[in-house]
Amino acid sequence: MARNEADREDLLEEAIGLSPCWEIEVIGLVEPLVAGFKKNGNCSLYFGGDPVYQFDPEGHLRRGFVGGHLFRSEGKTLSQIHRDRTETTSTLVRYDLNEVELQEWLAKMRKTVAELIDRFDRGEYRILRERGTDAAAFTRLTDSLQQIHNNSPKLSAPLR
4 MARNEADRED LLEEAIGLSP CWEIEVIGLV EPLVAGFKKN GNCSLYFGGD
54 PVYQFDPEGH LRRGFVGGHL FRSEGKTLSQ IHRDRTETTS TLVRYDLNEV
104 ELQEWLAKMR KTVAELIDRF DRGEYRILRE RGTDAAAFTR LTDSLQQIHN
154 NSPKLSAPLR
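My numbering puts the first residue of the sequence shown at 4, with every later residue one more than the last.
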(Lines of atoms letter the chains of each structure in order from A; the text may use other names.)
(Lines give C-alpha, C1' and ligand atoms only; values in the text may rest on other atoms or scores of the structure.)
Protein backbone atom coordinates (compact mmCIF):
# COMPACT_ATOMS: atom_id res chain seq x y z
CA MET A 4 0.00 0.00 0.00
CA ALA A 5 1.37 3.38 -0.90
CA ARG A 6 2.69 5.65 1.79
CA ASN A 7 1.19 8.63 0.01
CA GLU A 8 -2.56 8.78 0.53
CA ALA A 9 -3.09 10.82 -2.65
CA ASP A 10 -5.05 9.39 -5.55
CA ARG A 11 -3.09 7.27 -7.98
CA GLU A 12 -2.68 7.98 -11.67
CA ASP A 13 -1.85 4.46 -12.87
CA LEU A 14 -2.26 1.79 -10.22
CA LEU A 15 -0.92 -1.05 -12.37
CA GLU A 16 2.29 0.83 -13.14
CA GLU A 17 2.71 1.80 -9.49
CA ALA A 18 2.07 -1.75 -8.25
CA ILE A 19 5.63 -2.79 -9.10
CA GLY A 20 5.73 -5.35 -6.28
CA LEU A 21 2.85 -7.33 -7.80
CA SER A 22 3.49 -10.07 -10.34
CA PRO A 23 1.38 -11.58 -11.68
CA CYS A 24 -1.04 -8.68 -11.75
CA TRP A 25 -3.94 -7.40 -13.79
CA GLU A 26 -5.92 -4.28 -14.50
CA ILE A 27 -9.48 -5.48 -14.98
CA GLU A 28 -12.59 -3.62 -16.07
CA VAL A 29 -15.46 -5.13 -14.07
CA ILE A 30 -19.11 -4.36 -14.74
CA GLY A 31 -20.49 -2.42 -11.80
CA LEU A 32 -17.17 -0.90 -10.74
CA VAL A 33 -16.50 2.77 -11.44
CA GLU A 34 -12.74 2.28 -11.80
CA PRO A 35 -10.75 -0.72 -13.02
CA LEU A 36 -9.71 -3.29 -10.44
CA VAL A 37 -5.98 -3.86 -10.03
CA ALA A 38 -5.28 -7.28 -8.54
CA GLY A 39 -2.12 -9.27 -8.08
CA PHE A 40 0.30 -11.18 -5.92
CA LYS A 41 3.54 -10.33 -4.18
CA LYS A 42 6.45 -12.79 -4.28
CA ASN A 43 5.51 -14.03 -0.80
CA GLY A 44 2.01 -14.96 -2.03
CA ASN A 45 0.14 -12.00 -0.52
CA CYS A 46 -2.85 -11.00 -2.65
CA SER A 47 -3.79 -7.35 -3.19
CA LEU A 48 -7.07 -5.95 -4.53
CA TYR A 49 -7.23 -2.27 -5.51
CA PHE A 50 -10.76 -1.11 -6.32
CA GLY A 51 -9.38 2.13 -7.68
CA GLY A 52 -7.66 3.97 -4.85
CA ASP A 53 -10.36 3.04 -2.29
CA PRO A 54 -11.12 0.42 -1.12
CA VAL A 55 -7.91 -1.60 -1.10
CA TYR A 56 -7.56 -5.00 0.56
CA GLN A 57 -4.41 -7.05 1.15
CA PHE A 58 -4.42 -10.69 2.23
CA ASP A 59 -1.81 -13.23 3.26
CA PRO A 60 -1.44 -16.49 1.26
CA GLU A 61 -4.04 -18.18 3.52
CA GLY A 62 -6.64 -15.52 2.67
CA HIS A 63 -6.44 -13.71 6.01
CA LEU A 64 -6.80 -9.94 5.88
CA ARG A 65 -3.53 -8.08 6.54
CA ARG A 66 -4.57 -4.51 5.85
CA GLY A 67 -7.01 -2.33 4.02
CA PHE A 68 -7.58 1.22 2.92
CA VAL A 69 -11.28 2.10 3.16
CA GLY A 70 -13.05 5.42 3.36
CA GLY A 71 -9.76 7.27 3.31
CA HIS A 72 -8.42 5.38 6.33
CA LEU A 73 -5.67 2.79 6.65
CA PHE A 74 -6.56 -0.34 8.62
CA ARG A 75 -4.12 -3.04 9.68
CA SER A 76 -4.47 -6.36 11.41
CA GLU A 77 -3.74 -6.53 15.10
CA GLY A 78 -4.52 -10.26 15.13
CA LYS A 79 -7.86 -10.03 16.95
CA THR A 80 -9.07 -6.70 15.60
CA LEU A 81 -8.22 -4.03 13.05
CA SER A 82 -6.59 -0.79 13.99
CA GLN A 83 -7.52 2.33 12.08
CA ILE A 84 -4.47 4.51 11.48
CA HIS A 85 -4.51 8.13 10.42
CA ARG A 86 -2.10 11.05 10.43
CA ASP A 87 -2.68 14.13 12.50
CA ARG A 88 -0.73 16.85 10.72
CA THR A 89 0.17 20.29 11.92
CA GLU A 90 2.55 22.78 10.36
CA THR A 91 5.45 21.29 12.31
CA THR A 92 4.54 17.68 13.14
CA SER A 93 2.92 14.56 11.78
CA THR A 94 1.62 12.06 14.32
CA LEU A 95 0.16 8.62 13.64
CA VAL A 96 -3.03 8.04 15.61
CA ARG A 97 -4.33 4.49 16.17
CA TYR A 98 -7.87 3.45 17.01
CA ASP A 99 -8.74 -0.23 17.53
CA LEU A 100 -12.14 -1.22 16.19
CA ASN A 101 -14.53 -2.70 18.74
CA GLU A 102 -16.19 -6.05 17.98
CA VAL A 103 -19.30 -4.53 16.36
CA GLU A 104 -17.23 -2.19 14.17
CA LEU A 105 -14.90 -5.06 13.22
CA GLN A 106 -17.76 -7.35 12.18
CA GLU A 107 -19.39 -4.57 10.12
CA TRP A 108 -16.06 -3.78 8.43
CA LEU A 109 -15.39 -7.44 7.63
CA ALA A 110 -18.95 -7.96 6.35
CA LYS A 111 -18.53 -5.09 3.87
CA MET A 112 -15.18 -6.46 2.73
CA ARG A 113 -16.62 -9.95 2.31
CA LYS A 114 -19.58 -8.56 0.34
CA THR A 115 -17.20 -6.69 -1.98
CA VAL A 116 -15.20 -9.88 -2.59
CA ALA A 117 -18.41 -11.91 -3.13
CA GLU A 118 -19.64 -9.41 -5.72
CA LEU A 119 -16.30 -9.60 -7.51
CA ILE A 120 -16.44 -13.41 -7.57
CA ASP A 121 -19.98 -13.21 -8.97
CA ARG A 122 -18.90 -10.82 -11.74
CA PHE A 123 -15.98 -13.07 -12.66
CA ASP A 124 -18.22 -16.17 -12.67
CA ARG A 125 -20.64 -14.40 -15.03
CA GLY A 126 -17.85 -13.24 -17.32
CA GLU A 127 -18.69 -9.60 -16.58
CA TYR A 128 -15.12 -8.41 -16.83
CA ARG A 129 -12.43 -7.59 -19.35
CA ILE A 130 -8.69 -7.74 -18.72
CA LEU A 131 -7.25 -4.42 -19.83
CA ARG A 132 -3.58 -5.06 -19.02
CA GLU A 133 -1.55 -7.74 -17.32
CA ARG A 134 2.01 -8.34 -16.20
CA GLY A 135 3.88 -11.51 -15.27
CA THR A 136 0.98 -13.80 -16.07
CA ASP A 137 0.75 -17.26 -17.56
CA ALA A 138 -2.13 -19.60 -18.39
CA ALA A 139 -2.72 -20.56 -14.74
CA ALA A 140 -2.32 -17.11 -13.18
CA PHE A 141 -5.92 -15.91 -13.45
CA THR A 142 -7.14 -19.19 -11.97
CA ARG A 143 -4.80 -18.52 -9.05
CA LEU A 144 -6.52 -15.15 -8.56
CA THR A 145 -10.05 -16.59 -8.68
CA ASP A 146 -9.02 -19.43 -6.35
CA SER A 147 -7.61 -16.88 -3.91
CA LEU A 148 -10.84 -14.88 -4.02
CA GLN A 149 -12.81 -18.04 -3.23
CA GLN A 150 -10.46 -18.82 -0.35
CA ILE A 151 -10.83 -15.28 1.02
CA HIS A 152 -14.62 -15.49 0.77
CA ASN A 153 -15.00 -19.05 2.03
CA ASN A 154 -12.90 -18.50 5.14
CA SER A 155 -15.20 -16.65 7.46
CA PRO A 156 -13.26 -13.39 7.52
CA LYS A 157 -10.09 -13.91 9.49
CA LEU A 158 -7.30 -11.52 10.31
CA SER A 159 -3.63 -12.20 9.79
CA ALA A 160 -1.14 -12.13 12.62
CA PRO A 161 -0.51 -8.60 13.91
CA LEU A 162 1.49 -6.39 11.56
CA ARG A 163 4.44 -4.47 12.90
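We put the beta carbon where it would ideally sit given N, CA and C, even for glycine.
Keep in mind it's a predicted model, so treat the numbers as computed, not measured.
Assigned with DSSP and collapsed to three states, Val33 falls in coil, not helix or strand. Excluding five sequence positions before and after Tyr56, the CB atoms of its chain that fall closer than 7 angstroms to its own CB belong to Leu48, Leu64, Gly67, Met112, given in chain order. With 16 or more other Cβ atoms inside 10 Å of its own Cβ, Gly62 counts as buried. With contacts defined by Cβ atoms closer than 7 angstroms, Arg132 and Val29 do not form a contacting pair. Annotation for His152: no beta strand (DSSP E) segment contains it, though the alpha helix (DSSP H) segment containing it runs 140 to 153. Spatial neighbours of Thr94 in its own chain (CB-CB distance under 6 angstroms, excluding positions within 5 residues in sequence) are listed in chain order as Asp87. Contact between the region 125 to 141 and the region 27 to 41 is present: 3 or more CB-CB pairs across the two stretches fall below 8 angstroms. Across the structure, Cys46 and Thr91 are spaced so that their CA atoms are roughly 37 angstroms apart.
Taking Leu100 as reference, the option from Arg75, Phe58, Thr89 with the minimal CA-CA separation is Arg75. The region 29 to 104 is shown to contain whole beta strand (DSSP E) runs of 3 or more residues at 36 to 40, 46 to 50, 55 to 58, 64 to 69, 72 to 76, 81 to 88, 93 to 99, in chain order. Taking the C-beta atoms as reference points, Pro23 is found nearer than 7 angstroms to Ala140. According to the DSSP assignment, Glu133 belongs to no alpha helix (DSSP H) but to the beta strand (DSSP E) extending over 128 to 134.
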